[in-house]
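Peer 1: Can you read through this structure? Questions will come right after.
Protein chains: 2
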Amino acid sequence: MEHHESHPGHAPLEVLVGRVPIFSQLDDVELKDIAGRVKLRHHRRNEQLYGAGESNPHLMIIHSGHVKVYRISESGHEQLIRVLGEGDFLGDTSFISGAPADHFASTLDAADICTLHHDDLRDYLLRFPTVTYKMLETLSNRLENTERQVSIFAGEGAEHRIAGYLLELAGEQRTSKEQDTTTVVLPIAKKDVASFLGLTPETLSRKFTQFESAGWIRMQPRRTVEIINVPALQQL
Amino acid sequence: MEHHESHPGHAPLEVLVGRVPIFSQLDDVELKDIAGRVKLRHHRRNEQLYGAGESNPHLMIIHSGHVKVYRISESGHEQLIRVLGEGDFLGDTSFISGAPADHFASTLDAADICTLHHDDLRDYLLRFPTVTYKMLETLSNRLENTERQVSIFAGEGAEHRIAGYLLELAGEQRTSKEQDTTTVVLPIAKKDVASFLGLTPETLSRKFTQFESAGWIRMQPRRTVEIINVPALQQL
DNA sequence: CGTAATATTGAGCCTCTTCAAGCGCCGTGG
DNA sequence: CCACGGCGCTTGAAGAGGCTCAATATTACG
Chain X
0 MEHHESHPGH APLEVLVGRV PIFSQLDDVE LKDIAGRVKL RHHRRNEQLY
50 GAGESNPHLM IIHSGHVKVY RISESGHEQL IRVLGEGDFL GDTSFISGAP
100 ADHFASTLDA ADICTLHHDD LRDYLLRFPT VTYKMLETLS NRLENTERQV
150 SIFAGEGAEH RIAGYLLELA GEQRTSKEQD TTTVVLPIAK KDVASFLGLT
200 PETLSRKFTQ FESAGWIRMQ PRRTVEIINV PALQQL
Chain Z
0 MEHHESHPGH APLEVLVGRV PIFSQLDDVE LKDIAGRVKL RHHRRNEQLY
50 GAGESNPHLM IIHSGHVKVY RISESGHEQL IRVLGEGDFL GDTSFISGAP
100 ADHFASTLDA ADICTLHHDD LRDYLLRFPT VTYKMLETLS NRLENTERQV
150 SIFAGEGAEH RIAGYLLELA GEQRTSKEQD TTTVVLPIAK KDVASFLGLT
200 PETLSRKFTQ FESAGWIRMQ PRRTVEIINV PALQQL
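Heads up: the protein sequence lines correspond to chains X and Z, in order.
Okay, so the first sequence: first residue is 0 according to numbering that gives the first Met the number 0, each after it adds one.
Okay, so the second sequence: first residue is 0 according to numbering that gives the first Met the number 0, each after it adds one.
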């Protein structure tokens, strides 16, 4: 977390930009070019980046911290779409469609976020095909995940969704596999997990205690879940 | 529909390719190039193009007819993902990820489908940035739709989903707006509509009769639905 | 450290599913 | 062309799973 830079306060921007996956294949000159057009801003926790109806003409690239993207249906129901971390970007759909956003974006914790104006982005996409291709890759993966999510929402019950979510987390957070029991940390509040899974917080809570009394998991403080019986969760 | 070509049986392939959205911005020479690598095949009704687990290294572009993409969950539940028509393509996700498909694709009616090998596609994406960009646009739109679908599945009940689906169809099939009552034609069997909406055929059937006795719609033969009271459906 | 947001637990309800049976439509083969 | 068979569609009754509403307990942030 400590930083000792030549120009304090202003980090080496082209290095940051180079760490972003979609720009990862550019050379130093090109990175410097992009870095010149990018604005880095700090945001505090629970700050709304944009809301439905607004159209902000920027691609936002997360350098540190986390952002949640969610939607509020006409009936007032809040649905968490996804959580973004370092290297992820948002604002791409409004770039393509030109329409104002139909969703909300807020920081989950203090975050540093780069913004690149849509006009500049268009420029780079035309000049650097690898950027376009990288972006295509990213969207394709997101699409695959979202389509899978639709199937799960349509077909599977609450237990299956929760188990799948825990196992997915376990796969991402694979640390040292010495331990027989895996422990995962929920990246968001339980109520947000529930929203993400299309459930009410009550149902999620009940299923967790049910899993626990079945001996499959153990709830621990600070959003930590110890998974004891992986196979049991898998075959839900 | 009539065609008078120099080589009968083999339609003007570069013209067909040019009509595909992602290739629409290429010039004649480039189109001819692509046309030379593309294979046009006819498929009969209810033919499976590929299944889960298979990896066919081709981008498939629909020239005529319709294709359904669906998934079968571990519990045997069949979930219809989307229906493709003229100009749409599939096989893009396996192109990006390199992984075998996790879903099925079958023709709904007799269809003419072009196939382009992944190696060739990669070639064109590098040579013609506009193609990459067009593809990016397409995926972005699909992603937006799918994310909206997730919200609906998570938050809204059966009636809302069905009403939304009917109104969406009405928007697409907007013919002559002289009539006060709109009539839409379901593009697929009711059981497939149910699958698409994440419902059982029974529930769909019941809701339809319920809508009908409320005076909002009128069911007609041949998958035709006459929408009498649009506002009523909108405010579900 | 105090307060507000989050999490848990309980009871009742409501929607959708499941299982089962009957009907109707359409395409096939005689 | 008609008869048959199958699949899709409808309708009914029973059941389960998740939601709502409400009260309490706990956590986490300022």
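Note that the Cβ used here is the ideal one computed from N, Cα and C, for glycine as well.
Should the segment 63–73 of chain Z be regarded as contacting the segment 104–117 of chain Z, the criterion being three or more beta carbon pairs within less than 8 Å?
Peer 2: The segment 63–73 of chain Z is in contact with the segment 104–117 of chain Z.
Peer 1: Alpha helix (DSSP H) containing Ala34/X: first to last residue?
Peer 2: Residues 27–36.
Peer 1: Can you tell me whether Ala98/Z is helix, strand or coil according to DSSP?
Peer 2: Residue state, collapsed to three classes: coil.
Peer 1: Could you check whether the Cβ of Ile60/X sits closer than 7 Å to any heavy atom belonging to the ligand HEM?
Peer 2: Annotation note on the ligand HEM: not contained in the displayed structure, which lists no ligands.
Peer 1: Please list the terminal residues of the continuous beta strand (DSSP E) segment that includes Phe103/X.
Peer 2: Phe103/X -> beta strand (DSSP E) spans 103–106.
Peer 1: For Ser264/Z and chain X, any beta-carbon pair shorter than 8 Å?
Peer 2: Examination of residue 264/Z is not possible in this model, given that chain Z is present from 0 through 235 alone.
Peer 1: Leaving aside the five residues before and after Thr223/Z along the sequence, list all residues of the same chain whose C-beta is less than 7 Å from its C-beta, in chain order.
Peer 2: The residues are Thr182, Val184.
Peer 1: Which class does His76/X belong to by DSSP, given the choice of helix, strand or coil?
Peer 2: Reduced to three states, the DSSP call for His76/X is coil.
Peer 1: Can you tell me the Cα-Cα spacing of Gly97/X and Ile161/X, whole angstroms?
Peer 2: Approximately 36 Å, taken between the alpha carbons.
Peer 1: Our contact map puts Lys31/Z next to Glu13/Z with C-beta atoms below 8 Å; I'd like the distance itself, whole angstroms only.
Peer 2: That belief holds up - the Cβ atoms of Lys31/Z and Glu13/Z are roughly 5 Å apart, short of 8 Å.
Peer 1: Note down, in chain order, each residue of its chain lying with its Cβ closer than 8 Å to the Cβ of His42/Z, except the 5 sequence neighbours on either side.
Peer 2: If we look at His42/Z and ignore the five residues flanking it on each side, its Cβ neighbours are Leu48, Gly64, Thr106, Ala109, Ala110, Asp111, Ile112.
Peer 1: For the segment 81–96 of chain Z against the segment 130–150 of chain X, do three or more pairs of beta-carbon atoms, one drawn from each stretch, fall closer than 8 Å, so that the two count as touching?
Peer 2: Flag = yes, the segment 81–96 of chain Z and the segment 130–150 of chain X touch.
Peer 1: Tell me the rounded alpha-carbon separation between Gly214/X and Ala213/Z.
Peer 2: Their backbone Cα atoms lie some 50 Å apart in a straight line.
Peer 1: Taking the Cβ atom as the reference point for each residue, do Tyr132/X and Ile33/X lie within a distance shorter than 8 Å?
Peer 2: No, Cβ-Cβ distance for Tyr132/X and Ile33/X is not below 8 Å.
Peer 1: Comparing C-alpha positions only, which one of Leu196/X, Asp191/X, Ile187/X, Glu158/X sits nearest to Phe152/Z?
Peer 2: Nearest option by C-alpha distance: Leu196/X.
Peer 1: If we count the other Cβ atoms within 10 Å of its Cβ and call it buried at 16 or more, is Leu125/Z buried or exposed?
Peer 2: Flag for Leu125/Z reads exposed.
Peer 1: Taking the alpha carbon of Thr202/X as the reference point, which residue from His102/X, His159/X, Gln234/X has its own alpha carbon closest?
Peer 2: Minimum Cα distance to Thr202/X is reached at His159/X.
Peer 1: At least one CB of chain Z closer than 8 Å to the CB of Ser72/X: is that the case?
Peer 2: By this cut-off, Ser72/X is an interface position.
Peer 1: For Ala110/Z, which three-state DSSP category applies?
Peer 2: Note: Ala110/Z maps to strand in three-state DSSP.
Peer 1: Helix, strand or coil for Ser54/Z? Go by DSSP, reduced to three states.
Peer 2: Coil at Ser54/Z, not helix or strand.
Peer 1: What is the DSSP secondary structure of Glu211/Z, counted as helix, strand or coil?
Peer 2: In the structure shown, Glu211/Z sits in a helix (DSSP, three-state: H, G or I).
Peer 1: Based on Cα-Cα distance, which residue from Glu143/Z, His62/Z, Phe103/Z, Ala231/Z lies nearest to Gly52/Z?
Peer 2: Of the candidates Glu143/Z, His62/Z, Phe103/Z, Ala231/Z, the one whose C-alpha sits nearest the C-alpha of Gly52/Z is Phe103/Z.
Peer 1: With a CB to CB cut of under 6 Å and the five nearest residues on each side skipped, what residues in its chain are close to Leu15/X?
Peer 2: Taken in chain order, the residues that qualify are His62.
Peer 1: So, does the CB of Arg217/X fall closer than 8 Å to a CB anywhere in chain Z?
Peer 2: No, its Cβ sits nowhere closer than 8 Å to a Cβ of chain Z.
Peer 1: Under 8 Å, with one C-beta from each stretch per pair, do the segment 67–84 of chain X and the segment 20–27 of chain X reach the 3-pair mark?
Peer 2: Short answer: they don't touch.
Peer 1: How is the alpha helix (DSSP H) around Arg160/X delimited, first residue to last?
Peer 2: From DSSP, the alpha helix (DSSP H) with Arg160/X extends over 157–171.
Peer 1: Between His3/Z and the rest of its own chain, which residues show a CB-CB distance below 8 Å, the 5 nearest in sequence each way excluded?
Peer 2: Because His3/Z sits at a pLDDT of 41, beneath the cut-off of 50, its placement in the model cannot be relied upon, and the point is left open.
Peer 1: Check each candidate in Met218/X, Leu235/X, Ile226/X and name the one with the smallest Cα separation from Gly170/X.
Peer 2: Ranking the options by Cα distance to Gly170/X, first place goes to Ile226/X.
Peer 1: Taking C-beta pairs closer than 8 Å, name the residues in chain Z that Thr131/X reaches, listed in chain order.
Peer 2: Residues of chain Z passing the Cβ test: Pro128, Thr131, Tyr132, Leu135.
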